Amino acid sequence: MSILMFADERLADHRPPEGHPERPERLAAAIDGIHAAGFGEALTWRQPTEAPTEKLLGVHESQLVTALDEHAGLDRVQIDGDTFMSAGSMQAARLAAGAGLDAIDALREGEADSAFCLVRPPGHHATPRTSMGFCLFNNIAVAAQSLTQQGERVAIIDFDAHHGNGTQDAFFDREDVLFVSLHEFPQYPGTGSFDERGRGPGAGATINFPMPSGTTGDVYLRALDQVIEPELEMFGADWILISAGFDAHREDPLTNLGLTSGDYAAMTERICSYAPAGRRIAFLEGGYDLDALGRSAAACTGALLGERYAPEAQSNGGPGSHIVDAHIAAGH
Ligand code: ZN
C-alpha cells in the first residue's frame, strides 16, 4: 500500500494568539510522530496547492470567502471567540482546503492507495456561512462537494471529539453525501444529538453518535461494526473521507473521551475496509496534546498503509454502549 502525505511549512504561518491550543507546533508533532514510526519509503510527501475560489464557493457563501479575503495579510483579526487570523492565515486556509482537491486528482491518477492531508487550520466546524471553532474553510466539505460534482457518492466519517457541525450543515439535505460523526456530548459546539438525521432528500444520511465522557475504543468499534458498516453498504460510497481529529485521545486537554492511539489504528483499519484502495482520504482536524497527536497520527497513517502501528493498547470498558444500542434499536 502507498500513501500520499500532504504537508507544507506555510500551514504553520496561520498563527492564533499565544497560548491558543490550535497552534503551529501541532503539525510538527504529527509529522515527527509519523517519522518516528518508521514507515520510510511507503510515504510520499507532497505540498498542496491553494484551493481556487470557485471550489470554496461550492460549499461556502460568497460573503464568507470575501470577508476572509479582506483579512488576508492582516494580523490579529478575531473571527469569533476562539477563531483568529494572522498575516499568513488566508494562504494557509487555502492550502488546507486545496490539499483535499489535490489528493482527489492524484488518487484518480492512481498515484497511491490513500492520502492523508496534514493540514491546519482545521475545517469541520466551518459552516457554509460562518468560520468558527478554529476553522476558516471546511476542508473536507470542499473536497466532498468537488467529488459529488463529478457524480461520486461520498461518505464522511468524523471521529474528531467535537461534532462536525459545519460538515453536517453543508450536506444536511443531501442524498449523495453520508455524514457520520462520533463525538463527545455535551461538548462544543453543542450540536450532534442522536435525533439530527438529515432533512428532505438527505433524511437518514446524517448519523450522530453523541458519546458520554469516558467512552472507550471498544464502543467506537461497535458503532463502526454494527451501525456504520451496514449503513455504508446500503449507501454505496464511491469515496470515503475521514475527519481525523485526534482530540478524543484520553490525554487531550480539551475533551474527556477515553481513546488511545491503538484505537485510532483499529478504527482507521475498519474504515479503510469500507472503500476501495485509491478512494480514501484523511484530513487532520483537532488533537491538542502534542505527544498524543504524534502517536495517533502515526497510528492512523499505519492503518492507511495497511500496517498495524499501535504504540498504545486499545481501550475498553467505558460508557457509551447505550448510544450504539439506540441506533440499532431504531433500525439505523
Ligand atoms: Zn475537535
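Residues in the sequence shown are numbered consecutively from 18, following the working numbering.
Ideal Cβ placement from N, Cα and C applies to all residues, glycine included.
Values in this document were obtained by computation on a predicted structure and should not be read as measured data.
Do the CB positions of residue i and residue j come within less than 9 Å of each other?
i           : j           : result
residue 234 : residue 283 : yes
residue 19  : residue 130 : yes
residue 65  : residue 30  : no
residue 143 : residue 158 : yes
residue 346 : residue 133 : no
residue 103 : residue 92  : yes
residue 355 : residue 292 : The structure shown does not extend to residue 355, since the chain is modelled only from 18 through 349, so no value can be given for it.
residue 336 : residue 184 : no
residue 140 : residue 113 : yes
residue 305 : residue 328 : no
residue 68  : residue 196 : no
residue 180 : residue 248 : no
residue 344 : residue 240 : yes
residue 176 : residue 281 : yes
residue 47  : residue 311 : yes
residue 279 : residue 332 : yes
Report the residue from the options whose alpha carbon sits nearest the alpha carbon of residue i.
i           : options            : result
residue 215 : 55, 187, 105       : 187
residue 227 : 242, 80, 204, 347  : 204
residue 256 : 148, 245, 164      : 164
residue 238 : 340, 171, 321      : 340
residue 275 : 99, 309, 139       : 309
residue 223 : 42, 182, 229       : 182
residue 97  : 108, 252, 152      : 152
residue 52  : 137, 22, 27, 78    : 22
residue 225 : 231, 245, 324, 218 : 245
residue 217 : 190, 307, 293      : 190
residue 42  : 138, 62, 250, 101  : 138
residue 147 : 193, 281, 78       : 78
residue 156 : 118, 168, 180      : 118
residue 136 : 167, 236, 27, 70   : 27
residue 167 : 207, 108, 72       : 72
residue 76  : 84, 40, 45, 145    : 145
residue 170 : 251, 312, 338, 330 : 251
residue 259 : 111, 172, 56       : 172
residue 70  : 59, 111, 45        : 111
residue 105 : 307, 128, 94       : 94
residue 40  : 332, 338, 303, 331 : 303
residue 59  : 330, 321, 332, 115 : 321
residue 128 : 83, 334, 330, 61   : 61
Starting from residue i, trace the beta strand (DSSP E) both ways and give me its first and last residue.
i           : result
residue 42  : Careful: residue 42 lies outside any beta strand (DSSP E), inside the alpha helix (DSSP H) at 42-53.
residue 308 : Segment 307-322 is the alpha helix (DSSP H) holding residue 308; no beta strand (DSSP E) there.
residue 102 : 100-102
residue 198 : 194-201
residue 22  : 20-23
residue 223 : 223-228
residue 70  : That residue, residue 70, is in no beta strand (DSSP E); its alpha helix (DSSP H) goes 70-73.
residue 63  : 60-63
residue 97  : 94-97
Would the C-beta of residue i count as close to the ligand ZN, meaning under 8 Å from any of its heavy atoms?
i           : result
residue 179 : yes
residue 271 : yes
residue 302 : yes
residue 323 : no
residue 306 : no
residue 99  : no
residue 262 : yes
For the alpha helix (DSSP H) holding residue i, just list the boundary residues, first then last.
i           : result
residue 259 : Element bounds for residue 259: not the alpha helix (DSSP H) but the beta strand (DSSP E), 256-261.
residue 300 : No alpha helix (DSSP H) holds residue 300; the beta strand (DSSP E) holding it covers 297-301.
residue 188 : 182-188
residue 132 : First-last for residue 132: 131-134, but that is the beta strand (DSSP E), not the alpha helix (DSSP H).
residue 167 : Note, residue 167: premise wrong, no alpha helix (DSSP H); not H, not E.
residue 111 : 106-125
residue 76  : Where residue 76 is concerned, there is no enclosing alpha helix (DSSP H), given that its DSSP letter is neither H nor E.
residue 146 : First-last for residue 146: undefined, no H or E at that position.
Quick one: does residue i have its CB under 9 Å from some CB of chain D?
i           : result
residue 175 : Note that chain D does not occur in the displayed structure, where there is just one protein chain.
Checklist line | Validate contact between the region 206-220 and the region 317-326 using beta carbons, cut 8 Å, 3 pairs | finding: no
Item checked: At least three beta-carbon pairs within less than 8 Å, the region 116-127 to the region 31-38 -> no
Item checked: Segment contact, 8 Å Cβ cut-off, at least three pairs: the region 263-281 with the region 191-201 -> yes
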